[in-house]
Amino acid sequence: MSTVRKAIGLWFETQTRWIYKNRFKTIAVMSIFIASFLVHLPEIRIDTSIEGFLHDNDPVLVAYNEFRDQFGRDEMIVIAINPPNVFDIAFLRKLKNFHDDLENEVPHIDDITSLVNVRNVQGKKDELIVDDLLEDLPETKKEITALKKLVLSKPLYRNLLISEDGKFTTVVIKMDAYSSIGVNEDAGKRKFLTDAESNETVDAIRAVMARYNGPDFPLSMAGSPVMTSDLKRSMMSDMRHFMLMAVFAIGVTLFLLFRRISGVALPLFIVLLSLFSTVGLMAYFNTPIKLPTQILPSFLLAVGVGASVHALALFYQRLSISGDKEDSIVYALGHSGLPIAMTSFTTAVGLGSFAWAELAPMADLGRFASAGVLLSLVYTIVLLPALIAVIPINVKQTDKEKTRDALINRILTAIANFSTGHPWKIIIASFILIAVSMVFATQVRLSHNPMSWFPDGAEIKESTKLLDKKLKGTVSVEVILDTKKESGLY
Numbered sequence: 002m003s004t005v006r007k008a009i010g011l012w013f014e015t016q017t018r019w020i021y022k023n024r025f026k027t028i029a030v031m032s033i034f035i036a037s038f039l040v041h042l043p044e045i046r047i048d049t050s051i052e053g054f055l056h057d058n059d060p061v062l063v064a065y066n067e068f069r070d071q072f073g074r075d076e077m078i079v080i081a082i083n084p085p086n087v088f089d090i091a092f093l094r095k096l097k098n099f100h101d102d103l104e105n106e107v108p109h110i111d112d113i114t115s116l117v118n119v120r121n122v123q124g125k126k127d128e129l130i131v132d133d134l135l136e137d138l139p140e141t142k143k144e145i146t147a148l149k150k151l152v153l154s155k156p157l158y159r160n161l162l163i164s165e166d167g168k169f170t171t172v173v174i175k176m177d178a179y180s181s182i183g184v185n186e187d188a189g190k191r192k193f194l195t196d197a198e199s200n201e202t203v204d205a206i207r208a209v210m211a212r213y214n215g216p217d218f219p220l221s222m223a224g225s226p227v228m229t230s231d232l233k234r235s236m237m238s239d240m241r242h243f244m245l246m247a248v249f250a251i252g253v254t255l256f257l258l259f260r261r262i263s264g265v266a267l268p269l270f271i272v273l274l275s276l277f278s279t280v281g282l283m284a285y286f287n288t289p290i291k292l293p294t295q296i297l298p299s300f301l302l303a304v305g306v307g308a309s310v311h312a313l314a315l316f317y318q319r320l321s322i323s324g325d326k327e328d329s330i331v332y333a334l335g336h337s338g339l340p341i342a343m344t345s346f347t348t349a350v351g352l353g354s355f356a357w358a359e360l361a362p363m364a365d366l367g368r369f370a371s372a373g374v375l376l377s378l379v380y381t382i383v384l385l386p387a388l389i390a391v392i393p394i395n396v397k398q399t400d401k402e403k404t405r406d407a408l409i410n411r412i413l414t415a416i417a418n419f420s421t422g423h424p425w426k427i428i429i430a431s432f433i434l435i436a437v438s439m440v441f442a443t444q445v446r447l448s449h450n451p452m453s454w455f456p457d458g459a460e461i462k463e464s465t466k467l468l469d470k471k472l473k474g475t476v477s478v479e480v481i482l483d484t485k486k487e488s489g490l491y
């Protein structure tokens, strides 16, 4: 085993020395390699839909797509209006204008229903009359009273278009099932409405609502497309926020560790390249970032930086002794190359085990997180030596740095002495900690309630609560009855 370890160490030294001497060739080749990932970055998509949690061949998703193909999209957007008086001539006129503007200005709408156009079926003698409820707007109090009586008497209107107390009305919007992309193709070949198109619809509705919202026409909006759109907006904001926090925290830690600009810039450059390359790889394979995979950037920043930090720690230590950059980086990777590689491989294999998860985002996380770790390894052992060769690095260690290193060594030595001097105490304490943790781990409960992901006071959360209270719920359940024969229902 010792011979194998030495042979691997010698191989790392030989490769590192070649890279150092051929620094510009290495950087040129690596630039092309990295660019092949980065060019796909603009193509990355974000998918916050519930369908995104399932694989394309999942029986549940296949059945759901068949349902959408036959019956259209089942997700509704509900706009709630809580005016001083629903049955008021001025309000009904404004409602009609609002309805018409939504119909004319909002894209990807299959149907829009409100008190303005809901079907009104009446029987008169031997005739069955079907027309829009407000085909002719009421003009007198008598007509308003008759309208109110009619609306509140219709079971199909209650808790859908009007609350039971008659003080709350809605506009229900059904979105297109198919995307406008490939509109001239056969329905069987067309894509379902995309996440981006759904967001366009929500944004357009909000633009119309902004013009009408007021004390006499208070508006709120709910529905799964709205929730999905808000989740996407929150996710993008959170990803930017946490990435900046992670980069800042890592940068500060690196500066405290190395006290060198190169000690901060090089690891961050390597790990950011790994991150962007991984995202580019996702875009190339048309894999969107989903709710669970939003942790990928922060995860890769935290995990991927370790390899370059390990190599640089030995490099700076050797540099303070020899004063030679080439000798120092060759020495550093010769001694740390195998541990770095083994750590990266084991991490990648562990993450890769998620690639067979039943949930699509977890499988995506397993595949691309492991790829990101391996890319970080490649950039560390290939690109890092070439970058060290071309940038100026201070080879002198100041007395202050020597004092700091000595202090760190004394602290680590003291910890090691304590560990080896009190092995049983540490083992017993560790087992107690593990046992207590396992007890608490059994209290973890599985849950998938997207509404709970929003903070209290969030617009979508408050709107949904309001609709649930006034209309007895906002989520529908569809049941498909298949008789297995033609005209089986007749």
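Under this note's numbering, think of the first position of the sequence shown as 2, with each following residue one higher. The beta-carbon is built from N, C-alpha and C at its ideal position, and this holds for glycine as well.
* **Helix, strand or coil at Leu-220 according to DSSP, with G and I counted as helix** => strand
* **Range covered by the beta strand (DSSP E) that runs through Thr-254** => No beta strand (DSSP E) contains Thr-254, which is instead part of the alpha helix (DSSP H) from 225 to 259.
* **At least 3 beta-carbon pairs within less than 8 Å: the stretch 303 to 313 vs the stretch 411 to 418** => no
* **Beta-carbon gap between Val-119 and Leu-96 smaller than 8 Å** => no
* Return the residue from the list Leu-388, Leu-352 and Phe-99 that minimises the CA-CA distance to Gly-373. => Leu-352
* Residue range of the alpha helix (DSSP H) that Ile-435 falls in? -> 424 to 442
* Report the rounded CA-to-CA distance for Arg-261 versus Leu-388, giving the unit in angstroms. => 15 Å
* To do: Spatial neighbours of Pro-289 within its chain, please: CB distance less than 8 Å, with the 5 preceding and 5 following residues excluded, ordered by chain position.
  => Ile-45, Arg-46, Ile-47, Asp-48, Gly-53, Asp-196 and Met-283
* To do: Pick helix, strand or coil for Val-87, following the three-state DSSP scheme.
  => coil
* Asked: What are the start and end residues of the beta strand (DSSP E) that includes Lys-175?
  -> 170 to 176
* DSSP state of Arg-411 mapped onto helix, strand, coil -> helix
* Asked: If you count every other CB in all the chains shown that lies within 10 Å of the CB of Ala-188, and 16 or more means buried, which is it?
  -> Because Ala-188 sits at a pLDDT of 49, beneath the cut-off of 50, its placement in the model cannot be relied upon, and the following sentence gives the value as read from the coordinates. Classification of Ala-188: exposed, given that the 10 Å Cβ count is below 16.
* Euclidean distance between Cα positions of Asp-457 and Asn-450 -> 14 Å
* Spatial distance of Gly-324 from Ile-35 (CA atoms) -> 31 Å
* Helix or strand or just coil, what does DSSP make of Asn-121? -> strand
* Asked: DSSP state of Lys-192, grouped into three classes?
  -> coil
* To do: Give a yes or no on whether the C-beta atoms belonging to Ala-361 and His-56 are separated by under 8 Å.
  => yes
* Would you grab the beta carbon distance between Asp-112 and Lys-175 for me? Rounded to a whole angstrom, and I think it's under 8 Å. => 4 Å
* Asked: Just curious, the beta strand (DSSP E) that Met-77 is in, first and last residue?
  -> 77 to 82
* **Classification of Gly-338 by the beta-carbon crowding that lies within 10 angstroms, buried from 16 upward** => buried
* Taking buried to mean at least 16 other C-beta atoms within 10 Å of its own C-beta, is Val-480 buried or exposed? -> exposed
* To do: Would you decide whether Leu-162 is buried or exposed? Buried here means 16 or more other CB atoms lie within 10 Å of its CB.
  => buried
* Asked: Roughly how many angstroms lie between the CA atoms of Leu-302 and Val-248, to the nearest whole one?
  -> 7 Å
* For the alpha helix (DSSP H) containing Thr-500, list its first residue and its last residue. => Within the shown structure, residues of the chain are numbered from 2 to 491, placing residue 500 beyond reach of any answer.
* **Boundaries of the beta strand (DSSP E) in which Thr-114 is found, first to last residue** => 110 to 114
* **Straight-line gap, Leu-384 to Ser-238 (C-alpha atoms, nearest Å)** => 31 Å
* Where the alpha helix (DSSP H) containing Phe-25 begins and where it ends -> 24 to 39
* **Cα-Cα separation between Pro-60 and Leu-482, rounded to whole angstroms** => 17 Å
* Arg-368 classed as buried or exposed, judged by whether at least 16 other C-beta atoms fall within 10 angstroms -> buried
* **Candidates Pro-340, Ala-358 and Gln-318, of which the one nearest Ile-394 by Cα** => Gln-318
* **Whole-Å CB distance - Asn-1 paired with Lys-233, under 8 Å assumed** => A question about residue 1 goes unanswered here, because the residues of the chain that appear run from 2 up to 491.
* **Own chain, CB closer than 6 Å to Ser-37, minus 5 neighbours either side, in chain order** => none
* For Asp-166, is the classification buried or exposed, using 16 other Cβ atoms within 10 angstroms of its Cβ as the cut-off for buried? -> exposed
* Asked: Can you name the residues that DSSP bridges to Tyr-179?
  -> Phe-193
* To do: Classify Arg-74 as helix, strand or coil using the three-state DSSP reduction.
  => coil
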